[in-house]
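Sequence lines, in order, name chains H and L. Those letters in the first sequence? Residues 2 to 119, by the working numbering. Those letters in the second sequence? Residues 56 to 541, by the working numbering. Have a look at the structure below before the remarks.
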Amino acid sequence: MKHLRPVNRKAQRIEASITAAQASSDQPSTEEDIVALQQAPRPHVPMGCTLSFSPGWEVDAGGGTAGLCQPVERDIYDCYVTCFWPVQVPDHVNYSPDWASNCAVATKDWRNLDLVFP
Amino acid sequence: MTTMMPITTARYRRGEMHAFQAADSTFMYLVSAGAVFALDDAATNVLARLDEREMPHTELVSALVEGGYAEADAEELIRELRLVQGIVSDRVGRAPAPTAPPADFPLQALVLNITNQCNLACTYCYEFGADKIATPAGKPKYMTIETAKISVDFLLEQSKERKAVHITFFGGETLMNFKLLKEVVLYARGAAAAKGKTIGFSLTTNATLLTDEIIAFLSDNEIGVTVSMDGPPELQDKHRVYKNGKGSYAVIEPRLRKLIANHKTRAITARVTLTEGVTDVVRIYRHLKDEIGFHEVGFAPVTSAEKRAYSLDEGGMDSVLAQFHELADEWLDYALRGQMHGFTNVSETIGELLQGVNKSHPCGAGLGLLGVGPSGDLSPCHRFTDADTHTLGHISTGIDQDKREDFLSRGHVEAKYDCQSCWARPLCAGGCHHEAFVRYGDTGHANLHYCDWIREWTDTCLKIYGALSALNPEFLERFAERKALS
């Protein structure tokens, strides 16, 4: 570093880790870089969204069902039909318009609801 | 495909820091890490601009270019400051802080309270005085050799992979159970050697019971000695008295001279308690260091509830701090000449600043350090000995992990709301658990009564550190191995 001089052990360790990181990668522009999901304001992710693609396995971001934005009994089908948010469920609006086309009566045809591969 | 676009342009502001001047240079003490960096003029310039207001990247670059820097140089400067978090963007949040304290933290030190009996009756004593939390009724007054041996084995076992461990003997008056101390030292040396570990010893005493035999033993066995003592006769005898009210100075003075003359293997330290009327820091220091001959002298204000007769009031604290500054200036003069000064309060902080410590807890109590009472009860440290409210298990059954976790969770700096905006928290972490309990009834309460004092003192030590890093950096290396003495 040119402008900063580390003068204690911790500062020396910070400098060493920066030097090591720079040696192993090209330097991108520092402007507008985004570090994972750490930027603020954070993107709005509804608490209710399921973390899984497979039907019948809907859990909220905390791993439970209390935070699902649809009641668990109606779960994934309501996400499919009514929700525009592009997350990990079959999405009528964006990705999988035909997901439920083989399932006329859910109690009889639910086996036709397949996994989705985005 | 959706691309994630920045919603607003990133704006820079200063990172959390304490900037200070020393030896004609500017330094920053970074709170998130405990790191100290010296800044050149360009970096100082950036921080000054951001002190006025937040600025977006492009504007900051143009301002620097207008000020005469090449654009590439300006980009590099901003990059360096960002990488160490001297400046931060409003778009990047704080990294999550660690939460739960480690449950299997290896032990490093035990404080053995080998007796809760004392031959003095110092009026301000936290163990026997008005603010005592100990409940010794019905418990043993002296530790037995069985309890002590189990404690040694416990320490060696619980220290896991650590190569070096430490035992501090404490009281009551430690030397009232010297017979046990002797046996424990011999036993512990053997037990440690059998496990391939090294073991060190120290003790705290009021010095009234020192004899030639004891001094020879302490020197031969390289046992560090801290003497609780308040200064010249009229100050020592104000509070440090026998039960009949007689002062203790005349008794300890000849013993101290013998101790310092004959104990050559470890530093002999005085530990002074400052109280109402005992605030002549400089005079006390001169007496203990120059006239008696202690190697080091450390000072701490008495621990007490708010309005005890012996408590230091604000005026008293101001006077103490003014004199601390006088000794601190002297410490720096010595250091610039390459000489060690004996003012412990500076030396301790310099040692911590050199490492760049960033504490989750104010001290090792309940982590690497535990206290053992005469009964074998475990406590966070010696200050909680015999206090039923704070036992953390028993030496025969081990650590009560639930209680320990409760203690450590309360004491974690992240749990102290008031500390979150303070730049001195990497070193202070809210201050002594015991003092907080006496003041506020909760070990997890920040010690708000001395915040201003801590910040002022930390700033003073940072300036000393900065000056030395510029003018005599080799001297700082002497503090690389320093261990906390308290």
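From the three backbone atoms N, C-alpha and C, an ideal C-beta is built for every residue, glycine too. All values reported here derive from a predicted model rather than from experimental measurement.
**Short CB-CB distance (under 8 Å) between P7(H) and chain L** = Closer than 8 Å to the CB of P7(H) there is at least one CB belonging to chain L.
**chain L contact residues for R10(H), given Cβ-Cβ distances below 7 Å** = Those within 7 Å of R10(H) in chain L are L409, Q410 and G411.
**chain H within 8 Å of E361(L), Cβ atoms only** = Judged by the 8 Å Cβ criterion, E361(L) is not in contact with chain H.
**Asked** How is L38(H) classed by DSSP in three states: helix, strand or coil?
**Response** Any reading at L38(H) needs caution, since the residue's pLDDT is 47, under 50, leaving its predicted position unreliable; the model's value is listed next. In the three-state reduction of the DSSP assignment, L38(H) falls in the coil class.
**Asked** Going by alpha carbons, who is nearest to I254(L) out of M231(L), G226(L) and I222(L)?
**Response** Of M231(L), G226(L) and I222(L), the residue nearest in Cα terms is I222(L).
**Prompt:** Which residues of chain H have a Cβ atom closer than 9 Å to the Cβ of S524(L), listed in chain order?
**Reply:** Residues of chain H whose Cβ lies closer than 9 Å to the Cβ of S524(L) are, in chain order, R6, V8 and N9.
**Prompt:** Candidates F530(L), L102(L), V280(L) and D96(L): which alpha carbon is nearest M72(L)'s?
**Reply:** With distances taken between Cα atoms, M72(L) lies closest to L102(L).
**Message:** Does the CB of D95(L) have a neighbour CB from chain H at under 8 Å?
**Reply:** Answer yes: the Cβ-Cβ gap between D95(L) and chain H drops below 8 Å somewhere.
**Message:** In the DSSP output, what is T513(L) paired with across the bridge?
**Reply:** The bridge partners DSSP lists for T513(L) come to none.
**Message:** Give me, in chain order, the residues of the same chain whose beta-carbon lies closer than 8 Å to that of K237(L); leave out the 5 immediate sequence neighbours on both sides.
**Reply:** Cβ neighbours of K237(L) beyond the five flanking positions: F272.
**Request:** Check the Cβ of K109(H) against every Cβ in chain L and list those closer than 7 Å, keeping chain order.
**Result:** Under the 7 Å cutoff, chain L gives no residues; its nearest Cβ is about 36 Å from K109(H).
**Prompt:** Roughly how many angstroms separate the alpha carbons of C80(H) and V90(H), rounded to a whole number?
**Reply:** C80(H) and V90(H): Cα-Cα distance of roughly 7 Å.
**Prompt:** Helix, strand or coil for V94(H) per DSSP?
**Reply:** Note: V94(H) maps to coil in three-state DSSP.
**Asked** For a contact meaning CB atoms closer than 7 Å, what does E131(L) contact in chain H?
**Response** Going along chain H in sequence order, the residues near E131(L) (Cβ under 7 Å) are K3.
**Request:** Along the alpha helix (DSSP H) that carries P481(L), what are the first and last residues, could you check?
**Result:** Unbroken alpha helix (DSSP H) run through P481(L): R480 to C483.
**Asked** Taking the alpha-carbon positions, what's the T81(L) to E361(L) distance?
**Response** About 39 Å.
**Item:** Close beta carbons around F160(L), own chain, < 8 Å, minus the five adjacent residues each side
**Value:** Answer for F160(L): L422 and G423, listed in chain order.
**Item:** Segment limits, beta strand (DSSP E) that includes L5(H)
**Value:** Its beta strand (DSSP E) spans residues L5 to P7.
**Pair within 8 Å by beta-carbon distance, G496(L) and V468(L)** = Their beta carbons are not under 8 Å apart, which means G496(L) does not touch V468(L) by this criterion.
**Request:** Return yes when the Cβ of G521(L) is within less than 8 Å of the Cβ of A203(L), no when it is not.
**Result:** Here A203(L) is not near G521(L), since their CB atoms are 8 Å or more apart.
**Prompt:** Can you tell me where the alpha helix (DSSP H) with R244(L) in it begins and where it stops?
**Reply:** F233 to A249 is the extent of the alpha helix (DSSP H) around R244(L).
**Request:** Return no unless some Cβ of chain L is closer than 8 Å to the Cβ of E32(H).
**Result:** In this prediction, E32(H) scores a pLDDT of 47, lower than 50, which makes its location untrustworthy; the coordinate-derived value is nonetheless stated afterwards. Yes, because at least one Cβ of chain L sits closer than 8 Å to the Cβ of E32(H).
**Item:** Burial state of L241(L), where buried means 16 or more other Cβ atoms lie within 10 Å
**Value:** Result: exposed.
**Message:** Under 8 Å, with one C-beta from each stretch per pair, do the segment 273-293 of chain L and the segment 314-334 of chain L reach the 3-pair mark?
**Reply:** Yes, the segment 273-293 of chain L is in contact with the segment 314-334 of chain L.
**Bounding residues of the alpha helix (DSSP H) (the contiguous stretch that carries G371(L))** = First-last of the alpha helix (DSSP H) with G371(L): E369 to L391.
**Asked** What span of residues does the beta strand (DSSP E) with I200(L) cover, start to end?
**Response** First-last for I200(L): I200 to Q213, but that is the alpha helix (DSSP H), not the beta strand (DSSP E).
**Asked** When the Cα atoms are used, what is the spatial distance from D145(L) to S476(L)?
**Response** Distance between the alpha carbons of D145(L) and S476(L) is about 17 Å.
**Request:** For F92(L), go through chain H and note every residue whose CB falls closer than 8 Å to its CB, in chain order.
**Result:** L5, R6, P7, V8 and A12, listed in chain order.
**Prompt:** What are the complete alpha helix (DSSP H) segments, minimum 4 residues, inside the segment 404-476 of chain L?
**Reply:** Counting whole runs of 4 or more residues, the segment 404-476 of chain L contains the alpha helix (DSSP H) stretches 456-466.
**Prompt:** Under three-state DSSP, which class holds T63(L)?
**Reply:** Only weak support exists for where T63(L) lies, its pLDDT of 48 falling under 50; the value from the coordinates is given anyway. Of the three classes helix, strand and coil, the one that applies to T63(L) here is coil, per DSSP.
**Request:** Enumerate in chain order the residues of its own chain whose CB-to-CB distance from A322(L) is below 8 Å, with the five nearest sequence positions on each side excluded.
**Result:** If you ignore the 5 residues before and after A322(L), its C-beta comes within less than 8 Å of the C-beta of G279, H350 and E351, all in its own chain and listed in chain order.
**Prompt:** So, helix, strand or coil for N100(L), using DSSP?
**Reply:** Three-state result, N100(L): helix.
**Asked** Should F379(L) go down as buried or exposed, given a rule of 16 or more other Cβ atoms within 10 Å for buried?
**Response** F379(L) counts as buried, since no fewer than 16 other beta carbons sit within 10 angstroms of its beta carbon.
**Request:** Would you please verify whether the beta carbon of G406(L) is less than 8 Å from any beta carbon of chain H?
**Result:** With respect to chain H, the C-beta atom of G406(L) has no partner C-beta closer than 8 Å.
**Prompt:** According to DSSP, what are the bridge partners of H73(L)?
**Reply:** BP columns for H73(L) point to Y84(L).
**Asked** Under 9 Å Cβ-Cβ, which residues of chain H neighbour V139(L)?
**Response** By Cβ distance, chain H contributes M2, L5, P7, A12, I15, E16 and I19.
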